[in-house]
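Report on the structure given below.
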Amino acid sequence: MKKAEHATIVIFGASGDLTKRKLIPALFQLAKDGLLTEKTTIVGFARREKSHEQFRVEIEDALVEFSRSKPEAGSGELKVFSSSCYYQTGNYDSSKSFHNLKELIDKLDEERGIDSAKANRLFYLSTPPSVFSGIVAMLGQSGHISDPNDRSRWTRAIVEKPFGRDLETACALNKGLSSVLDESQIYRIDHYLGKETVQNIMAFRFGNSIFEPLWNRRYVSHVHITVAEAVCVEGRGGYYDNSGALRDMVQNHMLQLLALIAMEPPASFAPDAVRDEKVKLLSAIPPIEMHEVNECSVRGQYAAGTINGKLIPDYLREGGVKPSSVTETFVALKLHVDNWRWAGVPFYLRTGKALTERLTEVNIEFRQPPLALFSHIKDDEAIEERGRMKPNMLSLRVQPNEGIRLSIGMKVPGPKMILEPKDMEFCYENVFDIEPPGAYERLILDAILGDSTLFIRQDEVEVAWTLVNGILEGWANEELPHIHLYRAGTWGPYAADEFIDNDIRKTGAL
Ligand code: BG6
Numbered sequence: 004m005k006k007a008e009h010a011t012i013v014i015f016g017a018s019g020d021l022t023k024r025k026l027i028p029a030l031f032q033l034a035k036d037g038l039l040t041e042k043t044t045i046v047g048f049a050r051r052e053k054s055h056e057q058f059r060v061e062i063e064d065a066l067v068e069f070s071r072s073k074p075e076a077g078s079g080e081l082k083v084f085s086s087s088c089y090y091q092t093g094n095y096d097s098s099k100s101f102h103n104l105k106e107l108i109d110k111l112d113e114e115r116g117i118d119s120a121k122a123n124r125l126f127y128l129s130t131p132p133s134v135f136s137g138i139v140a141m142l143g144q145s146g147h148i149s150d151p152n153d154r155s156r157w158t159r160a161i162v163e164k165p166f167g168r169d170l171e172t173a174c175a176l177n178k179g180l181s182s183v184l185d186e187s188q189i190y191r192i193d194h195y196l197g198k199e200t201v202q203n204i205m206a207f208r209f210g211n212s213i214f215e216p217l218w219n220r221r222y223v224s225h226v227h228i229t230v231a232e233a234v235c236v237e238g239r240g241g242y243y244d245n246s247g248a249l250r251d252m253v254q255n256h257m258l259q260l261l262a263l264i265a266m267e268p269p270a271s272f273a274p275d276a277v278r279d280e281k282v283k284l285l286s287a288i289p290p291i292e293m294h295e296v297n298e299c300s301v302r303g304q305y306a307a308g309t310i311n312g313k314l315i316p317d318y319l320r321e322g323g324v325k326p327s328s329v330t331e332t333f334v335a336l337k338l339h340v341d342n343w344r345w346a347g348v349p350f351y352l353r354t355g356k357a358l359t360e361r362l363t364e365v366n367i368e369f370r371q372p373p374l375a376l377f378s379h380i381k382d383d384e385a386i387e388e389r390g391r392m393k394p395n396m397l398s399l400r401v402q403p404n405e406g407i408r409l410s411i412g413m414k415v416p417g418p419k420m421i422l423e424p425k426d427m428e429f430c431y432e433n434v435f436d437i438e439p440p441g442a443y444e445r446l447i448l449d450a451i452l453g454d455s456t457l458f459i460r461q462d463e464v465e466v467a468w469t470l471v472n473g474i475l476e477g478w479a480n481e482e483l484p485h486i487h488l489y490r491a492g493t494w495g496p497y498a499a500d501e502f503i504d505n506d507i508r509k510t511g512a513l
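Read in the working numbering, the sequence shown has 95 at position 92, and its numbers run on one by one without any break.
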């Protein structure tokens with residue numbers, strides 16, 4: 004990997020969970036792997052009063068608990084890393100706080116022999132979205148932002164999710180950010196794009212020639228995209244109850260997966276070439292209208308159950324969740340891509356919390372062969388059962404046990420022509436003896452390097468919200484919400500399986 008230029012990295016929301024679980028461990032790993040310069044400094048900014056020393060202790064504790072390289076408490080490498088971390092107490096709406104921040108950063112530059120007029124800044128907005136625009140406005144007012152055309156230094160801002168809660172709020176947010184920052188300085192993060200196996204979707208499709216000719220309506224019958232989680236709301240009930248599965252997972256991570264699976268090959272791997280194709284693809288999906296919401300989607304909410312022997316209470320009993328909440332913890336959707344390549348091929352998306360197991364997978368199901376050559380094998384029941392052809396299926400497993408599986412019909416050895424589906428499988432872990440970088444490592448490094456390929460552009464976020472807006476409105480307007488309960492530890496509501504199976508049968512894809 005390329006080594007980053009020096010930069011001061013300011014994390015807004017430094018007392019939050021994401022900072023401790025993901026951001027600090029990612030920065031530590033990058034430093035450990037020699038990918039950050041020694042002149043890199045990290046400044047945490049949050050409302051809570053704290054000294055640099057207290058912040059460093061918290062950082063070291065977080066690294067012992069969450070870093071993937073598991074450093075020992077009190078070890079030299081922890082001390083070296085934490086000594087480059089500083090803390091600034093402040094309010095997000097106080098210009099004094101932002102001036103204090105500037106003073107601190109300029110002083111740190113001076114100590115490191117960096118000319119402030121040539122200093123790089125990466126601002127990480129890991130706060131609730133309600134303060135994103137305010138922070139950026141304050142940064143602008145207090146002279147933190149450099150000219151995007153200035154080649155001697157750069158300023159970039161990584162913006163965490165949720166990026167708005169509907170189309171209107173997302174557009175307002177974009178407007179707020181772009182009144183201060185140029186689009187080239189804004190890095191909207193979606194951590195799914197930092198996952199190695201998600202990037203491998205592009206490598207698999209565009210770095211090889213065998214599957215691409217089949218990647219269309221002529222050969223593909225339908226596509227399933229599943230993001231199943233075994234976890235519940237994990238102490239984030241307040242946030243989640245205001246969000247739900249559609250906003251939390253579909254609008255961002257799942258539509259990104261869909262875009263990578265279905266987009267046209269980009270002309271190059273340049274950031275805008277890739278993002279243009281994703282936007283084109285997402286724009287070709289007709290948004291589900293309010294009145295179609297029950298024909299195209301099923302939503303569910305988990306009730307008490309057991310996952311891996313652990314008793315899970317009803318969603319409604321989770322802290323921060325309203326007792327009469329109709330927030331969906333599960334959603335299944337059918338989308339179409341109305342373009343030359345995919346017209347008529349349904350894409351089924353399914354995600355939920357408190358399901359049987361954690362599994363993110365894309366399954367591409369191919370059409371049956373035009374002639375059922377082996378259908379004559381019907382002389383006894385067992386054989387009939389085995390002789391029935393299953394369609395070929397290609398599975399791209401994003402997590403866990405990352406890999407690719409191709410299911411093909413094979414002849415069972417013996418005197419009769421009996422076929423059984425068997426898998427050709429490739430498992431990342433067995434093939435590469437390298438531990439892949441975590442998603443945040445990859446994305447933070449890309450932002451420092453100025454590569455925005457794996458970040459979401461303004462038009463992309465807006466088109467993604469356009470797609471889910473009608474569903475949100477349709478659900479909000481239902482007098483009696485159609486929400487199906489499912490037991491925690493199952494694969495979601497029965498109604499979702501029924502909806503997808505019936506649809507596949509109806510469209511003649513089975
Ligand atoms: C986050 C959602 O964006 O992604 C969480 O807010 C979800 O609710 C998480 O659990 C899933 O990410 P991963 O990487 O564990 O699949």
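Backbone N, C-alpha and C define an ideal beta-carbon position, used for all residues, glycine too.
If you're wondering where the values come from, they're calculated on a predicted model, not measured in any experiment.
Between the alpha carbons of Cys-174 and Ile-407, how many angstroms are there, rounded?
Counted from its first residue, the sequence shown places residue 174 at position 171. Counted from its first residue, the sequence shown places residue 407 at position 404. Rounded to whole angstroms, Cys-174 to Ile-407 spans 37 Å at the Cα level.
At a threshold of 7 Å, does Lys-281 count as lining the ligand BG6 (C-beta to nearest heavy atom)?
Within the sequence shown, residue 281 is the residue found at index 278, counting from 1. Checking every heavy atom of the ligand BG6 against the Cβ of Lys-281, none is found closer than 7 Å.
Beta-carbon separation of Met-257 and Ile-228 under 8 Å?
The sequence position of residue 257 within the sequence shown is 254, counting from 1. The sequence position of residue 228 within the sequence shown is 225, counting from 1. Yes, they are a contact pair.
In three-state DSSP terms, what is Gln-371?
Working through the sequence shown from its first residue, we reach residue 371 at position 368. The answer is coil: DSSP assigns Gln-371 none of H, G, I, E or B.
Rounded distance between the beta-carbons of Ala-306 and Arg-490, thought under 8 Å
Start at 1 with the first residue of the sequence shown, and residue 490 comes out as number 487. Start at 1 with the first residue of the sequence shown, and residue 306 comes out as number 303. Yes, they are in contact, since the Cβ atoms of Arg-490 and Ala-306 sit about 6 Å apart, within 8 Å.
Among Asn-211, Trp-478, Asp-244, nearest to Val-324 - alpha-carbon criterion
Locating residue 324 in the sequence shown gives position 321, where the first residue counts as 1. Out of Asn-211, Trp-478, Asp-244, Asp-244 has the C-alpha closest to the C-alpha of Val-324.
What residue does the beta strand (DSSP E) around Pro-424 start on, and which one ends it?
Translated into the one-based positions of the sequence shown, residue 424 becomes position 421. DSSP places Pro-424 inside the beta strand (DSSP E), whose first and last residues are 422 to 430.
Would you report the Cα separation of Glu-388 and Phe-214, rounded to the nearest angstrom?
Translated into positions along the sequence shown, residue 388 becomes position 385. Translated into positions along the sequence shown, residue 214 becomes position 211. Caution applies to Glu-388, whose pLDDT of 48 falls short of 50 and renders its modelled position unreliable; the value that the coordinates give is listed next. Counting only the Cα atoms, Phe-214 lies some 30 Å from Glu-388.
Span of the alpha helix (DSSP H) holding Phe-31?
To locate residue 31, count along the sequence shown from 1; it is residue 28. Where Phe-31 is concerned, the enclosing alpha helix (DSSP H) stretches over 27 to 35.
The beta strand (DSSP E) that contains Cys-88, what's its start and end?
The residue labelled residue 88 in the question sits at position 85 within the sequence shown. Element bounds for Cys-88: 88 to 92.
At the level of alpha carbons, what is the spacing between Asn-152 and Ser-54?
Start at 1 with the first residue of the sequence shown, and residue 152 comes out as number 149. Start at 1 with the first residue of the sequence shown, and residue 54 comes out as number 51. Taking the straight line joining both Cα atoms gives about 36 Å.
So is Glu-444 buried or exposed if we call it buried at 16+ other beta carbons inside 10 Å?
Locating residue 444 in the sequence shown gives position 441, counting from the first residue. The residue in question, Glu-444, is buried, as its Cβ has 16 or more Cβ neighbours within 10 Å.
Using a Cβ-Cβ cutoff of less than 8 Å, which residues in the same chain neighbour Tyr-515 once the five nearest sequence positions on both sides are dropped?
Any question about residue 515 goes unanswered here, given that the chain covers just 4 to 513.
Below 8 Å on the Cβ atoms is my guess for His-521 versus Ile-507; work out the distance and round it to an integer in Å.
This structure leaves residue 521 out entirely; the chain is present only between 4 and 513.
Using alpha carbons as the reference points, say which of Glu-368, Met-392, Arg-361 lies closest to Leu-374.
Within the sequence shown, numbered from 1, the residue matching residue 374 stands at position 371. The candidate whose alpha carbon is nearest that of Leu-374 is Met-392.
At a threshold of 7 Å, does Thr-359 count as lining the ligand BG6 (C-beta to nearest heavy atom)?
For the purposes of this step, residue 359 is taken as residue 356 along the sequence shown, with counting starting at 1. No, the Cβ of Thr-359 stays beyond 7 Å of every heavy atom of the ligand BG6.
Residue burial classification, Ala-442 (beta-carbon count within 10 angstroms, cutoff 16):
Counted from its first residue, the sequence shown places residue 442 at position 439. Buried, because 16 or more other Cβ atoms sit within 10 Å of the Cβ of Ala-442.
Hey, is Glu-232 close to the ligand BG6, as in C-beta under 7 Å from one of its heavy atoms?
Along the sequence shown, read from residue 1 onward, the residue named residue 232 stands at position 229. It does: the Cβ of Glu-232 is within 7 Å (strictly closer) of some heavy atom of the ligand BG6.
Pairwise C-alpha distance: Pro-28 and Phe-333:
For the purposes of this step, residue 333 is identified with residue 330 of the sequence shown, where counting begins at 1. For the purposes of this step, residue 28 is identified with residue 25 of the sequence shown, where counting begins at 1. The straight-line gap from Cα to Cα measures roughly 30 Å.
Return the residue from the list His-294, Pro-440, Glu-106, Tyr-242 that minimises the CA-CA distance to Pro-132.
In the sequence shown, residue 132 corresponds to position 129, counting from 1. Measuring from the Cα of Pro-132, the nearest candidate turns out to be Tyr-242.
Which first and last residues belong to the alpha helix (DSSP H) in which Met-392 is found?
Counting from one through the sequence shown, the residue named residue 392 turns up at place 389. Element bounds for Met-392: n/a, residue is neither H nor E.
For Leu-107, which of helix, strand or coil comes out of DSSP?
Here residue 107 is taken as the residue at index 104 of the sequence shown, counted from 1. DSSP places Leu-107 in helix when its eight states are reduced to three.
Just mark Asn-480 as buried or exposed, buried being the case when its beta carbon has 16 or more other beta carbons within 10 Å.
Indexing the sequence shown from 1 puts residue 480 at position 477. So Asn-480 counts as exposed.
Is DSSP giving Ala-335 helix, strand or coil here?
Locating residue 335 in the sequence shown gives position 332, counting from the first residue. Taken through DSSP and simplified to helix, strand or coil, Ala-335 comes out as strand.
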